[in-house]
Amino acid sequence: MNLLLMILAAAVVAFLLAVLIVKFVPLKMRWLVSILLLVASIFLAYKIYGGIMEPIKFNKDKKVRYAKVIKSLKLIRDAQIKYKEAKGDYTKDKNALISFIQNDSLAITETTNIEKEVTLSGGLTDKISVKQTDTIDYEPVIKYFEGKDFQNMFNVPGTDKQFELATDKIEKVAGLLVPVFEAKVDKKPILEGMNSSLIKIELEAVETDQVKGPFISVGSLSEVTTGGNWPPFYDKEDAAAKKE
Numbered sequence: 088m089n090l091l092l093m094i095l096a097a098a099v100v101a102f103l104l105a106v107l108i109v110k111f112v113p114l115k116m117r118w119l120v121s122i123l124l125l126v127a128s129i130f131l132a133y134k135i136y137g138g139i140m141e142p143i144k145f146n147k148d149k150k151v152r153y154a155k156v157i158k159s160l161k162l163i164r165d166a167q168i169k170y171k172e173a174k175g176d177y178t179k180d181k182n183a184l185i186s187f188i189q190n191d192s193l194a195i196t197e198t199t200n201i202e203k204e205v206t207l208s209g210g211l212t213d214k215i216s217v218k219q220t221d222t223i224d225y226e227p228v229i230k231y232f233e234g235k236d237f238q239n240m241f242n243v244p245g246t247d248k249q250f251e252l253a254t255d256k257i258e259k260v261a262g263l264l265v266p267v268f269e270a271k272v273d274k275k276p277i278l279e280g281m282n283s284s285l286i287k288i289e290l291e292a293v294e295t296d297q298v299k300g301p302f303i304s305v306g307s308l309s310e311v312t313t314g315g316n317w318p319p320f321y322d323k324e325d326a327a328a329k330k331e
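Note that the sequence shown covers residues 88 to 331 in our numbering.
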């Protein structure tokens, strides 16, 4: 919008200058006016080019910053999933989650079918096949986080902030409470130093190809999900790694 107004204003000013030059500037002085107009045109072209390129550069830089933040949020999510697998719930204690990765183990289970004899009506018996799950070994949680900077996963990259971490339980169906978690950070500190007008627009993003809303987050306290609020192209690297 600002760029369009700039172009319209330039067109009006150019028209008015042309009228003034024809009416009031002597022929012998028009060369000087032409030079001034050339300089003004170059300056205006520079401003218009900057107005076009600034949103493009903003989006490019924004995606680089967001990608680093999302990488940390994915690490927090992976840690929470493993924690719930071992403990049956999520945790809002950041230190506990880091300690869990460093020191805890996960059970390795094996599921087999076994035959079980059941008593039917009339004193009759029958054999049925049931699944039985046994713990056969344990593996360290840290195995899943080798080469990952999980000790600093709550530090928001490029800022002096930390991710907010919260947990709750919500009723998925009547009488069934399900644990949920959410990790999030405000976009503002991530975009600090960038164009303030474009930051304001970014905080109100609702399009499907954008990170929606004023936060970058993973999980939710209002629905059962471990997904993030970012668009799918931020997950392309993960999808490619899984194929290898």
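Glycine included, C-beta positions come from ideal geometry on N, C-alpha and C.
**Prompt:** Going by alpha carbons, who is nearest to F250 out of P318, K179, L285, S309?
**Reply:** The shortest C-alpha separation from F250 is found at K179.
**Message:** For K256 and I139, I'd like the C-alpha separation in whole angstroms.
**Reply:** If I take the Cα positions, the gap works out to 47 Å.
**Request:** Check whether the region 258-271 touches the region 221-228, counting contact only when three or more Cβ pairs, one atom from each stretch, lie closer than 8 Å.
**Result:** Cβ pair count under 8 Å is below three, so no.
**Asked** Along the chain, which unbroken stretches of the beta strand (DSSP E) at least 3 residues long are found entirely within the region 123-200?
**Response** Counting whole runs of 3 or more residues, the region 123-200 contains no beta strand (DSSP E) stretch at all.
**Message:** Just verifying my parser: in three-state terms, what is the DSSP assignment at L263?
**Reply:** Under the three-state reduction of DSSP, L263 is assigned to strand.
**Item:** Option in F302, T313, S307 with minimal Cα separation from V156
**Value:** Taking each of F302, T313, S307 in turn and checking the Cα distance to V156, the smallest one comes out for F302.
**Item:** Minimum C-alpha distance to N282 - residue among K214, I129, K144, K203
**Value:** With distances taken between Cα atoms, N282 lies closest to K144.
**Prompt:** Whose C-alpha, out of E279, D191, Y321, is nearest the C-alpha of T295?
**Reply:** The candidate whose alpha carbon is nearest that of T295 is Y321.
**Request:** Pick out whichever of A166, R152, D148, K147 has its Cα sitting closest to the Cα of V305.
**Result:** It is A166.
**Prompt:** By how many angstroms is the C-alpha of T198 removed from the C-alpha of R152?
**Reply:** For R152 and T198, the distance between alpha carbons rounds to 44 Å.
**Asked** I think K235 touches L184, with their Cβ atoms under 8 Å apart; what is that distance to the nearest whole Å?
**Response** With 8 Å as the limit, K235 and L184 do not qualify as a contact, their Cβ atoms being about 13 Å apart.
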